[in-house]
Amino acid sequence: MPISVRADLAELPDYVPGRKIPGAIVLSSNEVSTHAPASVLAAITDAAADVNRYPQMANDDVQAKTAAYLGQPEERVAIGAGSVALAQQVLQAMCVEGQEVVFAWRSFEAYPIITQIVGARDVRVPLTADYRHDLDAMAGAVTDDTRVLFIANPNNPTGTALRTAELERFLDRVPDHVLVVLDEAYREFATDPDVPDGLALAEGRENLAVLRTFSKAYGLAGVRVGYSVAPPAVTAAVRKVGIPFAVNRMAQAAAIAAMDAADELLARCGPVAVERERVRSALLEMGYEVPPSQANFVWLLLGDRTAAFNQHCLEQKIVVRAFVGDGARVTIGLPEENDAFLAAARTFPPPRN
Ligand SMILES: Cc1ncc(COP(=O)(O)O)c(C=O)c1O
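Take the sequence shown: its letter number 149 is residue 146 in the working numbering, and every next letter is one higher.
As structure tokens, this is what we get:
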């Protein structure tokens, strides 16, 4: 009998990375447009000198540094090859086949993929009419089989964010057997002080995990490193299921250097948020529907015009992230990149009535 791969993988959607087109302005992957500072590049170069050696398997130095940086006990912190790897490790640590994982839809496109990879069942809860998490419906979707519930805050791709009181009320309602995973990949770009800090929410809660990343605000998307903060038993299991040596030595060194350069790196987020508001206002003025965003991107509701909008942007050498039939997510770049995008948006033909 010939070999066969898992039949269910035929239905698994591919994770679609933002496209890279030579010479184009890339606003498709929610990266920062600014290069890493010299101190971070030097740390990467120094680490590369020993590339013939394996990195620390348990990420000892970066884990200790991250714990100290966050003021968290180390037993709560795990390091992974990007927060998406940690999201998958959380599911591997929590779920066996057939158990349920609840998340909003739309939300981060990796959630259904990693859920299926671990053999769990996804339960998608539609966003509200204003593109926010429907917390009542999400609480109502929890069953005895639910093991994990993801909340991306701010949400990808909508940019919308939950506020402290509503999230606290929700966490109080979720049964103890469900691990809520608060995915805060974009929290550093939030400017509303009422967008909660997941680590503060986690205090005294034994069923909340927080995921964060060095990819976005810290500008290290290319080396792949992120972290989770979770109850010690969950953290131990998350570490256990990780691929040995998954975080390479350049990534470990870059994360440490990025924490040392945090003031400089995080100072870049404010101007991105200012640009976000400028871009959104301009789009609203043009007649686009764009929910308020607390992230480093905006979401344009385009419905069946999404594919044409994507094509129009590509013709102007601007790469956005199209979710065909739904909308386009556009990363906030440098002011001149945003201007180029707005010029493209302005020349996209309005819908015919
Ligand atoms: C909501 C959310 N979580 C996690 C990630 C993964 O980030 P990384 O694996 O680069 O840390 C992304 C990336 O786009 C995201 O949008």
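We put the beta carbon where it would ideally sit given N, CA and C, even for glycine. Note that the coordinates shown come from a computational prediction; the quantities given were computed from them, not determined experimentally.
Short check: CB of residue i to CB of residue j, under 8 Å?
{"i": "A117", "j": "E97", "result": "yes"}
{"i": "L280", "j": "V269", "result": "no"}
{"i": "G330", "j": "L299", "result": "no"}
{"i": "F100", "j": "D119", "result": "yes"}
{"i": "V207", "j": "A199", "result": "yes"}
{"i": "V175", "j": "V139", "result": "yes"}
{"i": "A214", "j": "V37", "result": "no"}
{"i": "G77", "j": "V244", "result": "yes"}
{"i": "P52", "j": "F211", "result": "no"}
{"i": "T232", "j": "R73", "result": "yes"}
{"i": "R170", "j": "M91", "result": "no"}
{"i": "R103", "j": "P154", "result": "yes"}
{"i": "T303", "j": "V321", "result": "yes"}
{"i": "A158", "j": "A136", "result": "no"}
{"i": "V220", "j": "A251", "result": "yes"}
{"i": "P10", "j": "P123", "result": "no"}
{"i": "V48", "j": "R265", "result": "no"}
{"i": "K62", "j": "I240", "result": "no"}
{"i": "R246", "j": "A44", "result": "yes"}
{"i": "V287", "j": "G79", "result": "no"}
I want to check one thing, is the minimum distance from the CB of residue i to the heavy atoms of ligand 1 below 7 Å?
{"i": "D119", "result": "no"}
{"i": "T63", "result": "no"}
{"i": "S30", "result": "no"}
{"i": "N27", "result": "yes"}
{"i": "V81", "result": "yes"}
{"i": "F105", "result": "yes"}
{"i": "N153", "result": "yes"}
{"i": "T210", "result": "yes"}
{"i": "A214", "result": "no"}
{"i": "A319", "result": "no"}
{"i": "D182", "result": "Here residue 182 turns out to be Ala, not Asp, going by the sequence shown. Flag set: Cβ of A182 near ligand 1."}
{"i": "A248", "result": "no"}
{"i": "G223", "result": "yes"}
{"i": "A149", "result": "yes"}
{"i": "A255", "result": "no"}
{"i": "A218", "result": "yes"}
With distances taken Cα to Cα, identify the nearest neighbour of residue i among the options.
{"i": "E203", "options": "R221, R209, L168, Y215", "result": "L168"}
{"i": "G284", "options": "Q89, R343, P229, I253", "result": "R343"}
{"i": "Y224", "options": "L67, Q53, A230", "result": "L67"}
{"i": "H32", "options": "L88, A255, Q308, P154", "result": "A255"}
{"i": "A162", "options": "V192, A136, E185", "result": "V192"}
{"i": "A21", "options": "A337, F345, M54", "result": "A337"}
{"i": "A234", "options": "P172, V87, D133, D127", "result": "V87"}
{"i": "C310", "options": "P346, C266, P228", "result": "P346"}
{"i": "Q291", "options": "G267, C266, E312, G156", "result": "G156"}
{"i": "D5", "options": "K17, P19, I114, D57", "result": "I114"}
{"i": "A197", "options": "D173, E334, E165", "result": "E165"}
{"i": "P332", "options": "P348, N293, D301", "result": "N293"}
{"i": "P229", "options": "A75, E286, R160", "result": "A75"}
{"i": "F105", "options": "R121, G95, P348", "result": "R121"}
{"i": "G95", "options": "D141, D194, P288, V287", "result": "D141"}
{"i": "E71", "options": "A82, V59, G79, S80", "result": "V59"}
{"i": "V177", "options": "P190, G195, R160", "result": "G195"}
{"i": "G189", "options": "R3, D57, E274", "result": "It is Asp, not Gly, that sits at residue 189 in the sequence shown. If we check each option's Cα against that of D189, E274 comes out closest."}
Can you pull the DSSP bridge partners for residue i?
{"i": "S225", "result": "A75, L208"}
{"i": "L179", "result": "I148, V207"}
{"i": "T328", "result": "F294"}
{"i": "V23", "result": "V316"}
{"i": "D57", "result": "BP columns for D57 are empty, so no partner."}
{"i": "P123", "result": "W102"}
{"i": "T344", "result": "In DSSP, T344 forms no bridge with anything."}
{"i": "T143", "result": "E97"}
{"i": "E286", "result": "L298"}
{"i": "R118", "result": "E97"}
Give a yes or no on whether 8 Å exceeds the smallest Cβ distance from residue i to chain D.
{"i": "D127", "result": "Given the protein chain composition of this structure (a single chain), no chain D is represented."}
Does the beta carbon of residue i fall short of 7 Å from some heavy atom of ligand 3?
{"i": "A227", "result": "Only ligand 1 can be found as ligands here, which leaves ligand 3 out of the picture."}
(request) Taking 8 Å as the threshold, find out whether the region 137 to 153 comes into contact with the region 172 to 184 through three or more Cβ pairs. (result) yes
(message) For the pair the region 313 to 327 and the region 21 to 29, tell me if three or more CB-CB distances fall below 8 Å.
(response) yes
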